[in-house]
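Worksheet for the structure shown next.
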Amino acid sequence: MSLITPGSLPRLDVQQLADEQTALAVNGLDLFYGDKQVLHNISLRIPKHRVTALIGPSGCGKSTLLRCFNRMNDLVDRCRIDGELQLNGETISGPQIDVAALRRRVGMVFQRPNPFPKSIYENVVYGLRLQGVRDRRILDEAVERSLRAAALWHEVKDRLRENAFRLSSGQQQRLVIARAIAVEPEVLLLDEPTSALDPISTLNHRGIDFGAETALQRGAGDPQHAAGRTGFRLYGVYPPGDAGGI
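Here UniProt numbering is used: position 26 in the sequence shown is 26, and no number is missing along the way.
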């Protein structure tokens, strides 16, 4: 394993960042769980067509920030935010937003694989069926395209009617990624997606084409791999006496 040193990191091209289009923007974001503030005045932008990694110490709020982008924090009791979130220039933090529609545009993959108790094929097309797609040719093409993008096609192409629970945990995680990208989201959020993968699946993960305009992942597992694709890092900054905020 090689050592990452300040001199070995790629130089940040400020002009290139200025020229890039923004997929996600955060302006003055504060987040509270009840009376406890865990995110403090966050402002950042995530460029389009990039894999961006949020890297920082455990408990600094990376997952909390990630869940803001598809409003999953709305499901947490007494969670509230101040500030603005934008997706491709559209404000998504207000009460007027159709959250279900937002989550179709912003997919998410979690730490642990969560395949549905269905066949491999039906897992991949689940979101498309919810959107009303019934054409078998379109569904078949989406299955192959998504499984290829998730580096899983050659392992399961003759097993598509088998139950997804028969796959290994690493294969299940790649299946979940295929399911997420099958609906072609604008942004794909990945919450430490390689943490539970075996070494072979982790290597396969390097070859995944996320198929979204933008991929935003937390705890990239291999910082060199993530930094080499993004050149972006987020470090924890804690207010006095508080170890819970970014």
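Glycine is no exception: its CB is placed at the ideal position from the N, C-alpha and C atoms.
| message | Just to confirm, is the Cβ distance from proline 115 to leucine 190 under 9 Å? | response | In this structure, leucine 190 does not lie closer than 9 Å to proline 115 by Cβ.
| What residue range is occupied by the uninterrupted alpha helix (DSSP H) comprising alanine 23? | Note, alanine 23: premise wrong, no alpha helix (DSSP H); beta strand (DSSP E) at 22-33.
| field | C-beta contact flag for arginine 148 and tyrosine 121 at 9 Å | value | Arginine 148 is not a Cβ neighbour of tyrosine 121, given a cutoff of 9 Å.
| Beta-carbon separation (whole angstroms), asparagine 27 vs glutamate 84, contact threshold 8 Å | Between asparagine 27 and glutamate 84 the beta-carbon gap is near 4 Å, inside 8 Å, which marks them as a contact.
| Reduced DSSP secondary structure (H/G/I, E/B, other) of cysteine 60 | Per DSSP, reduced to three states, the secondary structure at cysteine 60 is coil, with no helix or strand assignment.
| said: Would leucine 128 and alanine 182 be called neighbours here (beta carbons separated by less than 9 Å)? | reply: Yes; because the gap between Cβ atoms is below 9 Å, this pair is in contact.
| query | In chain order, which alpha helix (DSSP H) runs of at least 4 residues are fully inside the region 74-120? | reply | 99-105
| query | Three or more C-beta pairs closer than 8 Å, one from the region 135-150 and one from the region 91-101: is that the case here? | reply | no
| Using DSSP with H/G/I as helix, E/B as strand and the rest coil, what is residue 261? | The question about residue 261 has no answer, for the chain in this structure spans 1 to 246.
| query | Which residues in the same chain have their Cβ closer than 6 Å to the Cβ of valine 156, if we skip the five residues on either side of it in sequence? | reply | Ile120
| query | Can you tell which of Val176, Gly34 and Phe69 has the C-alpha that lies nearest to the C-alpha of leucine 44? | reply | Phe69
| query | Along the chain, where does the alpha helix (DSSP H) that runs through aspartate 140 open and close? | reply | The continuous alpha helix (DSSP H) containing aspartate 140 extends over residues 136-149.
| field | Whole-number beta carbon distance between valine 109 and valine 176, since they are thought to touch under 8 Å | value | 6 Å
| Segment limits, alpha helix (DSSP H) that includes alanine 180 | 169-182
| task | Identify whether leucine 189 lies in helix, strand or coil by the three-state DSSP scheme. | result | strand
| Ends of the alpha helix (DSSP H) at valine 156? | 153-156
| query | Can you give the beta carbon distance from leucine 87 to glutamate 186, rounded, assuming they're within the 8 Å contact cut? | reply | 7 Å
| Host beta strand (DSSP E) of alanine 53 (start-end) | 51-54
| So what does asparagine 163 bridge to, in DSSP terms? | Answer is Ser119.
| Which one of Ile42, Leu75 and Ala25 has the shortest CA to CA distance from tyrosine 33? | Leu75
| query | From tyrosine 126 to alanine 178, what does the alpha carbon distance come to, in whole angstroms? | reply | 11 Å
| field | arginine 145 versus glycine 59 - alpha carbon distance | value | Note on geometry: alpha-carbon atoms of arginine 145 and glycine 59 lie some 36 Å from one another.
| Reference arginine 104, options Asp35, Arg71 and Thr64, closest by Cα | Arg71
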